[in-house]
Every structure is written in C-alpha cells, then in structure tokens.
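The structure under discussion appears below in the form of structure tokens.
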Amino acid sequence: MTGAGGLWEPPEVARALAPCLGRQPIAAAWLYGSLARGDVRQDSDVDLAVLFAAHLKTDRRRVLREIERAAAMALAAREVSLVDLENAPLLLRHRVLRDGVLLAEADPGARSRFAARVLETYSETRAVRCTLDRATRYRLAHRVPAAGAIEGW
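Residue numbers (numbering that gives the first Met the number 0): 0 to 152.
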C-alpha cells in the first residue's frame, strides 16, 4: 500500500475505506475517476460516489461530510471528492456505473434498481444528447455564440 500522498490501487482503497463505509447508511459506494481508470497521478484526488440507503432519515450533506472526512483520513489523500449519486447529473451517474469500481455494497437490490434506472434514462436521452453535441461542435467550429450569450464574454 502506498498511501500518505502516494499512489493507490482500487483494492487498497476498498480495504482502507471498508470500516468508514460500513458505518454509514449507504446502499453502495464506488471509486471512479483517475484511480478507477488506472491513470492516477501524484496530484490526483480520490473520487468517490455513494448511493444512500432508502431508510436514510438524516441530512445527506452531513453524512457526505462525515464520509469525506473519514475517507481523507483513511487514505491520507490531499483531497477526496464525494458525490451523492441520486443528486448527480445523469452523465456522471452513467460514468460511475460504466467506469467505476464498486467498493462497498450493503444493498445489492438498491444498487441494481438504481443502475437499471440510470441505464434506461441514459438510453432514452441518447438522441437528445447527440443533437446537443452536434450543435455544440458546430457552434465551436463556426464560432457561433450560444443563444443568450453576451458579446465579448
């Protein structure tokens, strides 16, 4: 294990975070970003995503801060970035499911239902995303300002 500002591998992250994640009201947790992809650098942060348990009755932000603090201590990381998947943008949710490494799973059914919803929505919105991507590429290639853009900004 490297730790202390060094480089980590996903299995080491899972072992280091197991006690922290096991005490929290989460259904599942993922490592994503550069650590999960294997292209981590010395200055990389640790990107974590959590799916909260359905029975969570407390303030999610408080629990997120607790997990973030405990993860930073356990990993001796410069920075831990933590996201609540239920409130994350669709593209991030999809990226976490596609590229992330599952670190903890307290409720496989909740994780499975969440993944099914995300994949269904992602599939249903594909045509819209493609149209928006083409329009953005066109605007950038032809230097056309977006609607409502202020001249000179």
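Yeah, the Cβ is synthetic: ideal placement off N, Cα and C, and Gly gets one too.
Here D46 is not near G37, since their CB atoms are 8 Å or more apart.
In this structure, L81 lies away from L101, with their beta-carbon atoms at least 8 Å apart.
Between the C-alpha atoms of A26 and R142 there is a straight-line separation of about 45 Å.
Using a Cβ distance threshold of 8 Å, L55 and P24 count as a contacting pair. Here the alpha carbon of S122 sits roughly 13 Å from the alpha carbon of R94.
By a beta-carbon distance limit of 8 Å, L30 contacts P9. Their separation comes to about 6 Å. In this structure G99 touches A48 by the C-beta definition: roughly 7 Å separates them, less than 8 Å. Counting every other CB atom within 10 Å of its CB across the protein chains shown gives E119 a total below 16, marking it as exposed. The continuous alpha helix (DSSP H) containing E67 extends over residues 59–74. Rounded to the nearest angstrom, the gap between the Cα atoms of A35 and R138 is 33 Å. For A126, the enclosing alpha helix (DSSP H) has its first and last residue at 125–140.
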